[in-house]
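Q: Using the UniProt record's numbering, read the sequence shown as starting at 1 and increasing by one per residue.
Have a look at this one.
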Amino acid sequence: MAHNLDELIKHQPPMRLIDELCWAEPGKGQCRLTVSSDNLFYSESLQGLPAHVGIELMAQSIAAVAGYQHKEAGGEIKLGFLLGSRKYQCDIASFKLGERYDVFVEELHVESSGLSVFECAIRHGDKVIAQARLNVYQPPDENAFIEENYG
């Protein structure tokens, strides 16, 4: 069952790159997208999205899963930050126009400070074409964090 991303993540078009959250359960889930030419990162010369955009697809999928968990618990969606990635590997040069991709994320480690590590994979059909571990941070008090760092 697909979920309304407007209620799950703070990213809005044109920065929202995923189309739907397919399913989620505590600490993991699946998102989906179909590449279109109106995507912010679409490259005419590649006829798709550059391979490095896969990291942002993974990060937004993590955000959607976290948003779903917060909504299910009766809370509000929260701000999160991509801190970095480890071992990003992508076997294709670009995510091709008109093709559908599934992004799978699973939380491997979480700390009370808000730091988490996720194992992520992007599949095209039944083949894994990209994978990485992403480090993310979700501040316990986002207003205090914003005031302290961007005040």
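Where a beta carbon is used, it is the ideal one built from N, C-alpha and C, also for glycine.
Taking the alpha carbon of Met-58 as the reference point, which residue from Trp-23, Arg-32, Ser-112 has its own alpha carbon closest?
A: Indexing the sequence shown from 1 puts residue 58 at position 58. Measuring from the Cα of Met-58, the nearest candidate turns out to be Arg-32.
Q: So, with DSSP's three-state summary, where would you put Ser-36?
A: Along the sequence shown, one-based indexing puts residue 36 at 36. Of the three classes helix, strand and coil, the one that applies to Ser-36 here is coil, per DSSP.
Q: Using a threshold of 8 Å, state whether the C-beta atoms of Tyr-137 and Leu-115 are closer than that.
A: Sequence index remark: in the sequence shown, residue 137 carries index 137 (1-based). Sequence index remark: in the sequence shown, residue 115 carries index 115 (1-based). Taking 8 Å as the Cβ cut-off, Tyr-137 and Leu-115 qualify as a contacting pair.
Q: Nearest to Glu-56 by CA position, among Gly-74, Gly-80, Gly-98, Glu-7, is which residue?
A: Locating residue 56 in the sequence shown gives position 56, counting from the first residue. For the residues Gly-74, Gly-80, Gly-98, Glu-7, the minimum Cα distance to Glu-56 belongs to Gly-80.
Q: Excluding the 5 residues preceding and the 5 following Asn-39 in the sequence, name in chain order all residues of the same chain whose CB lies nearer than 7 Å to its CB.
A: The residue given as residue 39 occupies position 39 in the sequence shown. Closer than 7 Å at the Cβ level, and outside the excluded window around Asn-39, lie Leu-17, Leu-49.
Q: In whole angstroms, give me the CA-to-CA distance for Glu-147 and Ile-9.
A: Here residue 147 refers to the residue found at position 147 of the sequence shown. Here residue 9 refers to the residue found at position 9 of the sequence shown. Straight-line Cα distance between these residues: approximately 21 Å.
Q: For Ser-94, count neighbouring C-beta atoms within 10 Å of its own C-beta (all shown protein chains included) and say buried if the count is 16 or more, exposed if not.
A: Translated into positions along the sequence shown, residue 94 becomes position 94. It is buried - the Cβ of Ser-94 has at least 16 other Cβ atoms within 10 Å.
Q: Starting from Arg-133, follow its DSSP beta bridges and name the residues at the other end.
A: Taking the first residue of the sequence shown as position 1, residue 133 is located at position 133. Arg-133 pairs with Arg-86, Glu-119.
Q: Helix or strand or just coil, what does DSSP make of residue 204?
A: Because the chain in this structure spans residues 1 to 151, residue 204 falls outside the shown range and cannot be described.
Q: My output table needs one value for Ser-43: the three-state DSSP class, helix, strand or coil.
A: What you label residue 43 is simply residue 43 of the sequence shown in a count that begins at 1. Here Ser-43 sits in strand by DSSP.
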